[in-house]
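Position 28, counted from 1, in the sequence shown is what numbering that gives the first Met the number 0 calls 27; the numbers after and before it change by one each time, with no gaps.
For each residue, glycine too, the CB sits at the ideal point set by N, CA and C.
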Amino acid sequence: MPVVRLAVAACLLVVLTACGAGRVTDEARQSLGPPKPSAAAEQSDYLARGGITRSIRDDITLSVSAPTSFTPTEEAYPKATRAVAFELVLHNNSDTVYRAAQLSFVATADGLQADQVIDSTQGYTGVVGTVDEVLPSQTLRFAVAFGVPDQPCVVRVAVRESSAASSIPIFDGTV
Numbered sequence: 000m001p002v003v004r005l006a007v008a009a010c011l012l013v014v015l016t017a018c019g020a021g022r023v024t025d026e027a028r029q030s031l032g033p034p035k036p037s038a039a040a041e042q043s044d045y046l047a048r049g050g051i052t053r054s055i056r057d058d059i060t061l062s063v064s065a066p067t068s069f070t071p072t073e074e075a076y077p078k079a080t081r082a083v084a085f086e087l088v089l090h091n092n093s094d095t096v097y098r099a100a101q102l103s104f105v106a107t108a109d110g111l112q113a114d115q116v117i118d119s120t121q122g123y124t125g126v127v128g129t130v131d132e133v134l135p136s137q138t139l140r141f142a143v144a145f146g147v148p149d150q151p152c153v154v155r156v157a158v159r160e161s162s163a164a165s166s167i168p169i170f171d172g173t174v
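In C-alpha cells form, the structure reads like this:
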C-alpha cells in the first residue's frame, strides 16, 4: 500500500506542476510589455510618418515633411492628374559650401517608377530650381513632387547624394 500512495502522490505532483507551468500571472504579463517590432518594421513606421530628418553625410542633414497630395496645374511637367509633394530643408552644418544640385530623388508608386513633377506655379521646382550653393551654417528650403495614381497607393522616396552614393530612404507609406 505505501508504494501505491507514493505513486499516486508522484502522479499528483506531476499533474499539478504541469498545469501551472504555462501559467503567467498578471504581474508577469505586464512586465513583459507589448512585443517589440522588428528593426525593419520600426524603420518602415518611422518613414511612413513623415516629418523626419536624415543624415546625408557628416554635417549635412535633410529634413523631410509629411507628404501633401495636390492636383498639378496645366503648366506642370510631366502632366499628372495627382501628385504628392515633400517640403525639404537642407541643413549645412559643415565648414564648407555644399552643392545642392548633387542631390537626386527617386520615387515609386505601387512599385512603379514615379516621375518627378515640376510645377513651379505651385512652388514645386525640385532641387534643380534652387540655389546651387548652401553656405556653411545655412539652410536651403525647396520642394519636390512626384506623379502618383489617383487612388491611394504605396509611395517610396529616396535621395542620393551622387550617382555613386547609395540611396537614403526618406518616405515609405500610403498616400
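In this structure, how does DSSP classify Thr120 when only helix, strand and coil are distinguished? helix
Are the beta-carbon atoms of Thr120 and Ala113 separated by less than 7 Å? no
Please name the residue, chosen from Ile167, Val83, Ala164, that lies closest to Val147 on a Cα-to-Cα basis. Val83
Paired residues, beta bridge with Gly146 - DSSP: Ala82
Distance CB(Ala100)-CB(Asp131) smaller than 7 Å: yes
Among Ala79, Leu111, Arg140, which residue has its Cα nearest to the Cα of Asp118? Ala79
Within 10 angstroms of the Cβ of Gln115, are there 16 or more other Cβ atoms? Answer buried if so, exposed if not. buried
Which partner residues of Ala157 appear in the DSSP bridge assignment? Paired residues: Val105, Pro168.
Residue burial classification, Gly125 (beta-carbon count within 10 angstroms, cutoff 16): buried
Contact under 7 Å by Cβ, Leu102 with Leu139: no
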